[in-house]
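>
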Amino acid sequence: MQSGPSIPRYSNDGERSPSATAPLMLPRVSNSGPRPPFSRPNVPSSPSPSLRDLYSATELDAPPSPLYALSNRSSVSSRFSLLPDPKQWDMATTPDVPEPDDGLHTPDPKRDKTIDMGGTICTVRGIWNLGCLFILGCVLFGLFAGFPIASHFLKKKPQSLKSFNLGGIGTNATGQVPAVNFGLIDNDTPQDVYTKTSYIDGSTLELVFSDEFNVEGRSFYPGDDPYWEAVDLHYWATGNLEWYDPKMLTTKDGYLYITLTNASEHGMNYTGGMMSSWNKFCFTGGLLEASVSLPGPNDVHGLWPAVWAMGNLGRAGYGATLDGTWPYTYDSCDVGTVANQTKNGLPVAATEDGDKSHGDVLSYLPGQRLSRCTCPGESHPGPVHEDGTYVGRSAPEIDVFEATITYTTPMQGQVSQSGQWAPFNWKYEWYNTSDNLIISDDDVTKFNDYLGGVYQQASSCLSMTNQQAYETNGGLFSVYAFEYKPGFDDAYIGWVNDGKLAWKLNQGGMAADDVVQIGPRPVPQEPMYIILNLGISESFGFVDFDNLPFPTSMRVDYVRVYQKPGEKNIGCDPPDFPTAAYINEYIEAYTNPNLTTWVDDFGQTNPKNSFLDEC
Numbered sequence: 001m002q003s004g005p006s007i008p009r010y011s012n013d014g015e016r017s018p019s020a021t022a023p024l025m026l027p028r029v030s031n032s033g034p035r036p037p038f039s040r041p042n043v044p045s046s047p048s049p050s051l052r053d054l055y056s057a058t059e060l061d062a063p064p065s066p067l068y069a070l071s072n073r074s075s076v077s078s079r080f081s082l083l084p085d086p087k088q089w090d091m092a093t094t095p096d097v098p099e100p101d102d103g104l105h106t107p108d109p110k111r112d113k114t115i116d117m118g119g120t121i122c123t124v125r126g127i128w129n130l131g132c133l134f135i136l137g138c139v140l141f142g143l144f145a146g147f148p149i150a151s152h153f154l155k156k157k158p159q160s161l162k163s164f165n166l167g168g169i170g171t172n173a174t175g176q177v178p179a180v181n182f183g184l185i186d187n188d189t190p191q192d193v194y195t196k197t198s199y200i201d202g203s204t205l206e207l208v209f210s211d212e213f214n215v216e217g218r219s220f221y222p223g224d225d226p227y228w229e230a231v232d233l234h235y236w237a238t239g240n241l242e243w244y245d246p247k248m249l250t251t252k253d254g255y256l257y258i259t260l261t262n263a264s265e266h267g268m269n270y271t272g273g274m275m276s277s278w279n280k281f282c283f284t285g286g287l288l289e290a291s292v293s294l295p296g297p298n299d300v301h302g303l304w305p306a307v308w309a310m311g312n313l314g315r316a317g318y319g320a321t322l323d324g325t326w327p328y329t330y331d332s333c334d335v336g337t338v339a340n341q342t343k344n345g346l347p348v349a350a351t352e353d354g355d356k357s358h359g360d361v362l363s364y365l366p367g368q369r370l371s372r373c374t375c376p377g378e379s380h381p382g383p384v385h386e387d388g389t390y391v392g393r394s395a396p397e398i399d400v401f402e403a404t405i406t407y408t409t410p411m412q413g414q415v416s417q418s419g420q421w422a423p424f425n426w427k428y429e430w431y432n433t434s435d436n437l438i439i440s441d442d443d444v445t446k447f448n449d450y451l452g453g454v455y456q457q458a459s460s461c462l463s464m465t466n467q468q469a470y471e472t473n474g475g476l477f478s479v480y481a482f483e484y485k486p487g488f489d490d491a492y493i494g495w496v497n498d499g500k501l502a503w504k505l506n507q508g509g510m511a512a513d514d515v516v517q518i519g520p521r522p523v524p525q526e527p528m529y530i531i532l533n534l535g536i537s538e539s540f541g542f543v544d545f546d547n548l549p550f551p552t553s554m555r556v557d558y559v560r561v562y563q564k565p566g567e568k569n570i571g572c573d574p575p576d577f578p579t580a581a582y583i584n585e586y587i588e589a590y591t592n593p594n595l596t597t598w599v600d601d602f603g604q605t606n607p608k609n610s611f612l613d614e615c
């Protein structure tokens with residue numbers, strides 16, 4: 001391998017190394033003696049010779065020795081210093097000498113305009129670039145916007161139906177595989193009853209819901225049925241003596257059986273049954289009809305069978321949900337929305353001539369919790385009026401019937417058919433004039449002189465029913481119903497007994513009452529669900545414990561709902577009276593029957609009320 005000029009190497013004693021290939025040894029400094037004085041070598045005063053003067057052409061052009069770099073470590077300045085005269089640097093040092101790269105940084109407006117401004121993006125490469133950017137944008141939009149939006153609108157609602165799944169098979173509480181009809185209209189409903197003539201105005205109504213109860217052995221435990229659910233609780237609010245248990249409801253021989261026994265359950269002496277379509281099937285306006293055979297004999301007091309409807313914002317048997325909602329039906333902002341229907345003791349009429357058993361006070365209600373007076377921003381299911389105030393919301397009640405026995409001789413069966421209202425008229429006296437109270441047959445139906453008490457006002461009539469439509473007295477069935485139009489003005493409720501219109505209440509009967517300073521109460525506008533039950537309570541009337549037969553059952557042949565063709569409104573969460581979001585927000589109150597009050601038990605606060613200057 002060819003090498004450059006030899007580089008002297010020195011041993012630690014300063015003598016030349018005999019071998020050019022010997023390892024390089026740096027000077028070693030002794031610590032034992034004084035260091036020799038440093039002497040600067042003599043530098044000639046003449047100009048420094050060039051490399052060409054010092055080396056031959058062969059030596060200068062030869063590849064450098066690997067040891068060259070090491071030798072130059074001794075003098076960094078000699079490696080990077082330049083001669084004083086720039087002309088001797090062997091390079092261009094003035095701007096007038098052209099260089100190969102001058103064109104890269106010398107401006108030329110004519111050339112630049114021709115080259116830089118004459119391009120176009122409409123090339124294959126440009127189109128590919130734009131296409132890739134477009135596709136990337138679409139992917140990102142679809143991932144972060146399109147997919148969430150599509151998922152929201154296309155996702156299926158969670159299926160609330162459950163099964164006990166005994167043995168790995170979808171079964172009901174009895175261990176059987178249920179044959180469930182998920183349609184609103186039962187497959188067993190005869191075609192000839194798909195339409196019906198209105199009891200009120202003779203118009204044609206169309207069937208929107210039916211249950212014929214023909215499937216044998218149905219169970220109504222939670223999750224077993226798409227439209228009905230039986231409760232498992234004590235109905236304490238009305239002082240009932242029984243425990244409601246889902247096992248007391250089933251279907252047999254084409255009928256629904258609701259049975260009451262004198263067997264003890266959960267510390268109660270009796271066991272009965274109650275089921276409802278709460279939050280599953282609701283309707284607003286139309287006709288609710290049921291064919292029923294009443295329980296027991298027609299001449300023994302004590303049983304309390306009923307078919308009725310309630311607004312979906314209140315769940316029967318769940319006290320916290322009813323606290324401040326039942327039995328209100330009200331959309332005014334005044335003293336009728338506050339506790340006891342008084343503010344600072346006024347009006348005086350609300351403190352006298354009321355319930356005699358409660359010191360003549362008119363109302364013990366806690367006030368309408370979801371009233372039109374609710375302050376903006378407070379918890380309320382909505383919606384909102386054009387003036388910005390909330391729509392008054394509640395859980396009103398309309399009874400198809402509550403069956404009882406007369407105190408005449410001989411005793412006979414009768415049904416109370418009524419509506420429950422709040423706030424209350426003075427003395428609970430609604431405007432039962434001939435324009436507002438129409439009784440079809442005075443020999444069958446009588447005005448009920450029970451008008452209400454501190455917890456409810458009632459508009460009611462008593463009708464003698466078919467005496468053969470009792471469990472132990474003929475076993476026949478009788479048709480009971482109510483047909484109604486919700487709202488104000490021409491709104492009404494008509495009750496049907498034994499297949500005939502018994503009486504009708506026009507909304508004018510619940511007009512404003514200036515004496516107690518309240519506004520009109522509309523015929524219920526809330527989505528209503530259906531309730532069927534058989535219980536026993538001394539608060540409903542005398543109970544003849546010695547003569548009541550047990551077990552006893554109320555049988556239901558069918559339940560049907562009809563509406564006018566242009567006025568169909570079914571569902572528990574209609575847009576003008578929504579309930580779902582509010583129920584979901586407070587779902588614990590709607591699923592825990594042990595929460596009896598909204599504030600004390602459930603721990604919530606009542607919304608602020610503008611009438612009370614709380615906003």
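No gaps in the numbering here: position 194 of the sequence shown is 194 in UniProt numbering, and each next residue is one more. Glycine included, every Cβ here is placed at the ideal spot set by N, Cα and C. Owing to the predicted nature of the structure, the values given are computational and were not obtained by experimental measurement.
What's the C-alpha gap between Gly571 and Gln563?
If you take the alpha carbons of Gly571 and Gln563, they lie about 13 angstroms apart.
> Can you name, in chain order, every residue of its own chain whose Cβ lies under 7 angstroms from the Cβ of Gln368, other than the five neighbours on each side?
Hits under 7 angstroms: Gly324, Tyr328, Tyr330, Thr337, Gly392 and Ser394.
> Taking only the alpha-carbon atoms, compute the straight-line gap between Thr271 and Thr251 and give it to the nearest angstrom.
Their Cα atoms are separated by approximately 18 angstroms.
> Any idea if Val193 is buried or exposed, counting beta-carbon neighbours within 10 angstroms, 16 or more meaning buried?
Exposed: under 16 other Cβ atoms inside 10 Å.
> Using DSSP bridges, identify the partner residues of His234.
The partner list for His234 (beta bridge, DSSP) reads Trp243.
> Would you decide whether residue 618 is buried or exposed? Buried here means 16 or more other CB atoms lie within 10 Å of its CB.
In the structure as shown, the chain starts at 1 and stops at 615, and residue 618 therefore has no counterpart that could be examined.
> Taking 8 angstroms as the threshold, find out whether the region 342-354 comes into contact with the region 420-440 through three or more Cβ pairs.
Output reads yes: the region 420-440 touches the region 342-354.
> Mind listing, in chain order, the continuous beta strand (DSSP E) runs of no fewer than 3 residues lying wholly within the region 403-480?
As far as the region 403-480 is concerned, its whole beta strand (DSSP E) runs of at least 3 residues are 413-421, 437-439, 445-447 and 456-464.
> Roughly how far, in whole angstroms, is the beta-carbon of Ser460 from the beta-carbon of Asn448, given that I think they are within contact range, below 8 angstroms?
Confirmed, Cβ separation roughly 4 angstroms.
> Please report the Cβ distance between Val454 and Pro347, rounded to the nearest whole angstrom; I am assuming they are in contact, meaning their Cβ atoms lie under 8 angstroms.
In fact, because the Cβ distance is near 16 angstroms, the residues do not count as touching under 8 angstroms.
> Taking the alpha helix (DSSP H) that Gly494 falls in, what are its first and last residues?
First-last for Gly494: Tyr492 to Asn497, but that is the beta strand (DSSP E), not the alpha helix (DSSP H).
> If we count the other Cβ atoms within 10 Å of its Cβ and call it buried at 16 or more, is Leu548 buried or exposed?
Buried: at least 16 other Cβ atoms inside 10 Å.
> May I ask which residues mark the beginning and end of the beta strand (DSSP E) holding Ser210?
That run of the beta strand (DSSP E) goes Thr204 to Asp211.
> Relative to the C-alpha of Asp544, which candidate in Asp399, Ala589, Pro84 and Trp304 has its C-alpha closest?
It is Trp304.
> Given a threshold of 16 other Cβ atoms within 10 Å of its Cβ, counted over all protein chains shown, does Thr204 qualify as buried or as exposed?
Flag for Thr204 reads exposed.
> On the criterion of 16 or more Cβ atoms from any shown chain inside 10 Å, does Thr259 qualify as buried, or is it exposed?
Counting Cβ neighbours within 10 Å, Thr259 comes out buried, since at least 16 surround it.
> Pick out whichever of Lys568, Asp224 and Asn432 has its Cα sitting closest to the Cα of Asn506.
Looking at the Cα atoms, Asn432 is the closest of the given residues.
> Output yes or no for whether 7 angstroms exceeds the beta carbon distance between Tyr529 and Cys282.
Cβ atoms of Tyr529 and Cys282: closer than 7 angstroms.
> Have a look at the DSSP bridge pairing and note the partners of Tyr270.
Paired residue(s): Glu242.
> How big is the Cα-Cα spacing for Ile587 and Gly311?
If I take the Cα positions, the gap works out to 16 angstroms.
> I'd like to know whether the C-beta atoms of Gly413 and Asn298 end up nearer to each other than 7 angstroms.
Yes. Within cutoff.
> Quick check on Ala395: does DSSP put it in helix, strand or coil?
Coil.
> Put Thr389 into one of helix, strand or coil per three-state DSSP.
Coil, per DSSP.
> Nearest by alpha-carbon distance to Met274: which of Pro486, Gln456, Arg555 and Tyr450 is it?
Answer by Cα proximity: Arg555.
> Assuming the contact rule is C-beta atoms closer than 8 angstroms, Ile536 and Asn240 should be a hit. Round their C-beta distance to whole Å, please.
About 7 angstroms; that satisfies the 8 angstroms criterion.
> May I ask you to report which of helix, strand or coil DSSP gives Met91?
Three-state result, Met91: coil.
> Using the Cα positions of Lys343 and Asp489, report the straight-line distance between them to the nearest angstrom.
So the two alpha carbons sit approximately 29 angstroms from each other.
> Quick check on the DSSP output: what are the complete beta strand (DSSP E) runs of length 3 or more inside the region 572-602, in order along the chain?
Runs found: none.
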